[in-house]
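Line by line, the protein sequences give chains L and U.
FYI, this note's numbering numbers position 166 of the first sequence as 166, with every residue one higher than the one before it.
FYI, this note's numbering numbers position 230 of the second sequence as 230, with every residue one higher than the one before it.
The beta carbon of each residue, even a glycine, is placed where N, CA and C say it ideally should be.
Taking it in order: structure first as structure tokens, then the write-up.
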Amino acid sequence: MKKVLALIAMAILPLTAAAHGPSPQKVEKEIVIKADPAKVWALVKDFGNLQKWHPAVASTKLETKKDENGDEQTYRTLTLKGGGTIYEKLRGIDDKDMQLKYEIVSGVLPVADYNAKMTVKAGPGAGETTVVWMARFYRVYKLNPPIPAGQDDESAINAVTGVFEAGLPALKALAESK
Amino acid sequence: MSLCFAGSAYITNQGENTVSVIDTTTNQVINTIKVGLKPVGVTVSAFSRRAYISNVDGQSISVIDTTKNKLINTYRIKGSPVGLVISPDSKTLYVADWTDDRIYVLDAITLKVQAEIKDGKAPAGMVISPDGKKLYIANRDTNDVAIIDTSTRQISNRITVGKHPFGLAMSKSGNELYVVNVISNTVSVVNTTNLKSESIRVGEHPYCVTPSKDGLFLFVTNTQDDNVSVIELAKKQSIATIKVGEVPEGISTDEFTGNIYVANWATNQVSVIDGQTQKLMNQIKTGEKSRAFGQFILQTSP
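Structure representation (structure tokens):
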């Protein structure tokens, strides 16, 4: 928890969505929760309430507005306990496959072109649920070495890993509570 | 030996710096070859029996002897090599440098640089006409495809397409060019004679395209939908989607079986689509973060 706040606080770079480095990066984490899949999915799909379970998030503000194509889209602003915000766009909620998709529009994480999904599946055991959180993104710096400190692949991977590793056990704790 | 044909798919694995070689007759991985850092692009030559691999972080090109499936050598190159294409006579290798906005023209045997072409911003996918006279380059950040006259190495034309063109493919005749527009979620079908184009809607964040063996359909990877769109060219629309692995990127057609091979970046595997039924028929485990950007299937007749 302290670690994730420190990581996010360190990451004060603006997101540059227009361009990215050559190799996409991936962070994928999963957790098994002793709760009904429907209960877990209800928490995961609640796009406007991440502060309910993520320990780094102080508040979530949900809004709907038209994107550049004139389509109504849902966005959220996450205000972090460690300072700073992350502005995200909802890409889809699939109740059949229990999958939430979103992307980062701008914010304090040192990543570019970040998109992620959370998938909820029944199992492996009876009464258990597995949550898989996967993100694909690029580092901030798009050119060849030398890469400025904090804009490299490792910084990007560490920040996203910190967010996932702090979030999943907290989601589990909330879902397993009465 | 009876008349038989073999196909091999060369799949770049970004996360473990290797190439998986799949025998497309048995759909088994028959070799794994160590290459440079963060391999992405691939192009193959049946004539010289070579596969070329671009290593974007390694800033190098690896050359594989496809008769032994062994690395011949890895050659340093300045910049960020991503897109690759070999000329039909197998003598010239074109390398797109993503960050420094240039195309290298290399001797395909010695890998010596013969020329550099500056044509647009963030050059990505490339194809070459069947007669070798025209090189087409997708410029992601200038939203166009440049046509290069390969004899003069000058730009002869420029086609405006959708936002962020990335993967390219061409019909066997060379009469049609297919351009995948990542941000527009479309494929542009370009008539290469009059340069008129039409765009067809596909799924989210598409990357690459391949025509079916009979040339009647296009298969397009939708990286953020985890599926492949099937376009019927006569109808000029997508008629189906086929669920594959997660974050599908590179796609190629086996010209003997007609089956379609898809590299899935997030699930470290290749999906095989039956070219006849257009249904998923197989998933083959490859290496970490499979990409296979380019035409990656080598067809040989033993």
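Own chain, CB closer than 8 Å to residue i, minus 5 neighbours either side, in chain order
{"i": "residue 170 of chain L", "result": "53, 54, 55"}
{"i": "residue 278 of chain U", "result": "217, 230, 240, 242"}
{"i": "residue 259 of chain U", "result": "24, 253, 272, 273, 274, 275, 281"}
{"i": "residue 163 of chain U", "result": "143, 181, 182, 183, 184"}
{"i": "residue 38 of chain U", "result": "14, 17, 55, 56, 57, 58"}
{"i": "residue 290 of chain U", "result": "11, 12, 13, 14, 20, 249, 250, 263, 264, 265, 268, 269, 270"}
Beta-carbon proximity list for residue i, same chain, < 6 Å, skipping 5 on both sides
{"i": "residue 160 of chain L", "result": "27, 135"}
{"i": "residue 176 of chain L", "result": "34, 35"}
{"i": "residue 157 of chain U", "result": "147"}
{"i": "residue 92 of chain L", "result": "101"}
{"i": "residue 32 of chain U", "result": "18, 20"}
{"i": "residue 74 of chain L", "result": "64, 90"}
{"i": "residue 132 of chain L", "result": "30, 119"}
{"i": "residue 224 of chain U", "result": "204, 205"}
{"i": "residue 267 of chain U", "result": "245, 246"}
{"i": "residue 105 of chain L", "result": "87, 89"}
{"i": "residue 83 of chain U", "result": "41, 96, 124, 125, 126"}
{"i": "residue 287 of chain U", "result": "13, 16, 18, 20"}
Cβ of residue i within 7 Å of any chain L Cβ
{"i": "residue 274 of chain U", "result": "no"}
{"i": "residue 290 of chain U", "result": "no"}
{"i": "residue 14 of chain U", "result": "yes"}
{"i": "residue 186 of chain U", "result": "no"}
{"i": "residue 134 of chain U", "result": "no"}
{"i": "residue 80 of chain U", "result": "yes"}
{"i": "residue 32 of chain U", "result": "no"}
{"i": "residue 236 of chain U", "result": "no"}
{"i": "residue 243 of chain U", "result": "no"}
{"i": "residue 107 of chain U", "result": "no"}
{"i": "residue 180 of chain U", "result": "no"}
{"i": "residue 262 of chain U", "result": "no"}
{"i": "residue 56 of chain U", "result": "yes"}
{"i": "residue 38 of chain U", "result": "yes"}
Range of the contiguous alpha helix (DSSP H) that encloses residue i
{"i": "residue 288 of chain U", "result": "First-last for residue 288 of chain U: undefined, no H or E at that position."}
{"i": "residue 43 of chain L", "result": "37-44"}
Cutoff 7 Å; reference residue i; Cβ partners in own chain excluding five residues on either side
{"i": "residue 110 of chain L", "result": "11, 13, 140, 150, 151, 155, 156, 159"}
{"i": "residue 132 of chain U", "result": "87, 88, 89, 150"}
Start and end residues, beta strand (DSSP E) containing residue i
{"i": "residue 103 of chain L", "result": "99-107"}
{"i": "residue 161 of chain L", "result": "That residue, residue 161 of chain L, is in no beta strand (DSSP E); its alpha helix (DSSP H) goes 153-176."}
{"i": "residue 133 of chain L", "result": "129-138"}
{"i": "residue 29 of chain L", "result": "25-33"}
{"i": "residue 123 of chain U", "result": "123-128"}
{"i": "residue 271 of chain U", "result": "269-273"}
{"i": "residue 86 of chain L", "result": "85-94"}
{"i": "residue 118 of chain U", "result": "Taken as a continuous stretch (DSSP letters only), residue 118 of chain U belongs to no beta strand (DSSP E), as it is neither H nor E."}
{"i": "residue 304 of chain U", "result": "The structure shown does not extend to residue 304 of chain U, since chain U is modelled only from 1 through 302, so no value can be given for it."}
{"i": "residue 7 of chain U", "result": "6-13"}
{"i": "residue 153 of chain U", "result": "Per DSSP, residue 153 of chain U belongs to no beta strand (DSSP E) and is neither H nor E."}
{"i": "residue 41 of chain U", "result": "39-45"}
{"i": "residue 121 of chain L", "result": "112-122"}
{"i": "residue 294 of chain U", "result": "Careful: residue 294 of chain U lies outside any beta strand (DSSP E) and carries neither H nor E."}
{"i": "residue 76 of chain L", "result": "72-80"}
{"i": "residue 264 of chain U", "result": "260-264"}
{"i": "residue 168 of chain U", "result": "165-170"}
{"i": "residue 136 of chain U", "result": "134-139"}
{"i": "residue 28 of chain U", "result": "28-34"}
{"i": "residue 105 of chain U", "result": "102-107"}
{"i": "residue 63 of chain U", "result": "60-65"}
{"i": "residue 63 of chain L", "result": "57-66"}
{"i": "residue 70 of chain U", "result": "70-76"}
Neighbour flag for residue i against chain U, beta carbons, 7 Å
{"i": "residue 155 of chain L", "result": "no"}
{"i": "residue 144 of chain L", "result": "yes"}
{"i": "residue 22 of chain L", "result": "yes"}
{"i": "residue 14 of chain L", "result": "The predicted model places residue 14 of chain L with a pLDDT of 43, which falls under 50 and marks its position as unreliable; any figure quoted below should be read in that light. Not closer than 7 Å to any Cβ of chain U, the Cβ of residue 14 of chain L fails to qualify, so no."}
{"i": "residue 1 of chain L", "result": "A caution first: residue 1 of chain L carries a pLDDT of 49, below 50, which makes its placement in the model unreliable, though a value can still be read off. With 7 Å as the cut-off, residue 1 of chain L does not count as an interface residue toward chain U."}
C-beta neighbour in chain A for residue i, strict 7 Å
{"i": "residue 99 of chain U", "result": "Going by chain labels, chain A is absent from the structure shown, which instead holds the protein chains L and U."}
Any non-hydrogen atom of the ligand SAM within 6 Å of residue i CB
{"i": "residue 158 of chain L", "result": "Only the bare structure without any ligand can be found here, which leaves the ligand SAM out of the picture."}
Discussion item. If contact is defined by three or more beta carbon pairs under 8 Å, each pair taking one atom from either stretch, is the segment 208-226 of chain U in contact with the segment 177-185 of chain U?
Written reply: The segment 177-185 of chain U vs the segment 208-226 of chain U: in contact.
Worksheet entry | Segments of 3+ residues assigned as beta strand (DSSP E) that fall wholly inside the segment 178-258 of chain U | Taken in chain order, the whole beta strand (DSSP E) runs of length 3 or more contained in the segment 178-258 of chain U are 186-191, 197-201, 206-211, 217-222, 227-232, 237-243, 248-253.
Practice prompt. Specify whether the segment 14-32 of chain U and the segment 71-89 of chain L touch according to this definition: at least 3 beta carbon pairs, one from each stretch, less than 8 Å apart.
Written response: no
Worksheet item: Is it true that the segment 121-132 of chain U meets the segment 90-109 of chain U, where meeting means three or more beta-carbon pairs spaced less than 8 Å apart?
Response: yes
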